[in-house]
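Notes follow once the structure below has been shown.
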Amino acid sequence: MPELPEVETVRRGLERELVGKRIKSVEVTGMRSIRRHKNKNEFAGRLEGVKVKSVKRRGKYLVIHLDSSELLVVHMRMSGQLRRAQPKDPLDKHTHVVITFTQGGQLRFVDPRTFGEMFLTAPDVLSSQIPELADLGFDPVDEPLAVTEFARRLLGRPGVKLKTLLMDQSFMAGVGNIYSDEILWESGLRFDRTPSQLSNMEIRRLFRAIVEILHEGIKHRGSTLADQQYVDVAGKPGDYQQFHAVYDRTGLACRRCRGIIAREKFAGRSTFFCPDCQV
DNA sequence: ACGCCCGCCTGTAAGC
DNA sequence: TGCTTACAGGCGGGCG
Numbered sequence: 186m187p188e189l190p191e192v193e194t195v196r197r198g199l200e201r202e203l204v205g206k207r208i209k210s211v212e213v214t215g216m217r218s219i220r221r222h223k224n225k226n227e228f229a230g231r232l233e234g235v236k237v238k239s240v241k242r243r244g245k246y247l248v249i250h251l252d253s254s255e256l257l258v259v260h261m262r263m264s265g266q267l268r269r270a271q272p273k274d275p276l277d278k279h280t281h282v283v284i285t286f287t288q289g290g291q292l293r294f295v296d297p298r299t300f301g302e303m304f305l306t307a308p309d310v311l312s313s314q315i316p317e318l319a320d321l322g323f324d325p326v327d328e329p330l331a332v333t334e335f336a337r338r339l340l341g342r343p344g345v346k347l348k349t350l351l352m353d354q355s356f357m358a359g360v361g362n363i364y365s366d367e368i369l370w371e372s373g374l375r376f377d378r379t380p381s382q383l384s385n386m387e388i389r390r391l392f393r394a395i396v397e398i399l400h401e402g403i404k405h406r407g408s409t410l411a412d413q414q415y416v417d418v419a420g421k422p423g424d425y426q427q428f429h430a431v432y433d434r435t436g437l438a439c440r441r442c443r444g445i446i447a448r449e450k451f452a453g454r455s456t457f458f459c460p461d462c463q464v
């Protein structure tokens, strides 16, 4: 499911929903979602009675700061959802964790494919020191680089194909299969170009496209595809799919040059691009 | 050290 | 209609 714009949309929803609330009880029905923990009681026990201080994001990770000084880290992988609910609401089939607050509402972790997970870290670590997050590169929305520094880092990986680099979470955190294709279209660059082939102007275009596309994605509350897998905390789908230039638009006319959008397998992932204006 | 491919799961859509 | 196959917003590990 979610890349940076979707995770940021969820983060904003959680911030509004959770900050200041105290956890009353935690019910775990799927151990796989909390697989780093020994058992349900150990996980639940560390959460019960604790208050939510703030909700942060790094790349595709959500980091919920608690007044116990522990951090609850959530990654939704392909199909995870965090949903606000009331105790009386019927349980979705793939609900694995239900957190109930003393104020009455609930936060539910729903995840059909069970790739997603949540875990509590040891107390008092900065989010950059969480081992799972330590290898992440810069977050282009939260900690944008100067273009000169971006160029320096890009040229440090001279032979790697651009799509691979954009999706490499240790180079830059937050971009996945949809937004890498959209960024490359906006840049006018093919997925298989490499940094060493790029002119200064092309590097600047790529840099600007990263920032622009991700902010546009956030502004339109992320992308929800036909399967409706991605929804925000309130269950609402995003709108950004309407603005996709290439993703899932095989055979349609390019919005820029009227060429026909092509689809190719690259590094095991479906890759969409305009063969005429991406060079 | 790097890139590629699989496995992890369930659900859906396309293909025969 | 019904069975089979391919594929899906991610990522870690094993392999060459």
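Per my numbering: the first sequence = residues 186 to 464.
Ideal Cβ positions, reconstructed from N, Cα and C, are used throughout, including at glycine.
Inter-residue Cα distance where the pair is residue i and residue j
i, j, result
"Asp301", "Gly215", "According to the sequence as given, residue 301 is Gly; it is not Asp. Spanning the two alpha carbons is a distance of roughly 11 Å."
"Gly436", "Ile445", "5 Å"
"Arg440", "Ala430", "7 Å"
"Arg393", "Ala319", "26 Å"
"Ser254", "Ala270", "26 Å"
"Lys348", "Glu367", "10 Å"
"Leu276", "Asn224", "22 Å"
"His222", "Met303", "9 Å"
Whether residue i touches residue j by CB criterion (8 Å)
i, j, result
"Asp168", "Gly359", "Any question about residue 168 goes unanswered here, given that the chain covers just 186 to 464."
"Gln414", "Ser264", "yes"
"Pro272", "Leu399", "no"
"His260", "Ser218", "no"
"Arg390", "Gln463", "no"
"Arg434", "Gly423", "no"
"Leu203", "Leu292", "yes"
"Pro343", "Pro380", "yes"
"Ser372", "Met352", "no"
"Phe294", "Ile208", "no"
"Val237", "Leu251", "yes"
Burial state of residue i (16 or more Cβ within 10 Å)
i, result
"Lys245", "buried"
"Gln266", "buried"
"Pro316", "exposed"
"Arg243", "buried"
"Thr194", "buried"
"Met386", "exposed"
"Ser408", "buried"
Residue i: CB within 7 Å of a non-hydrogen atom of the ligand ADP
i, result
"Phe286", "Because no ligand of any kind appears in the structure shown, any question about the ligand ADP cannot be addressed here."
### Query
Which ranges does the beta strand (DSSP E) cover as unbroken runs of at least 3 residues, wholly within the region 334 to 410, from first to last along the chain?
none
### Query
So does the region 413 to 420 actually touch the region 198 to 205, counting three or more Cβ pairs closer than 8 Å?
yes
### Task
Note down, one range per segment and in chain order, each beta strand (DSSP E) of at least 3 residues found wholly within the region 256 to 339.
256 to 260, 266 to 270, 280 to 286, 291 to 295, 302 to 305
#### Entry: Cβ contact check for the region 224 to 233 and the region 447 to 457: 3 or more pairs under 8 Å
no
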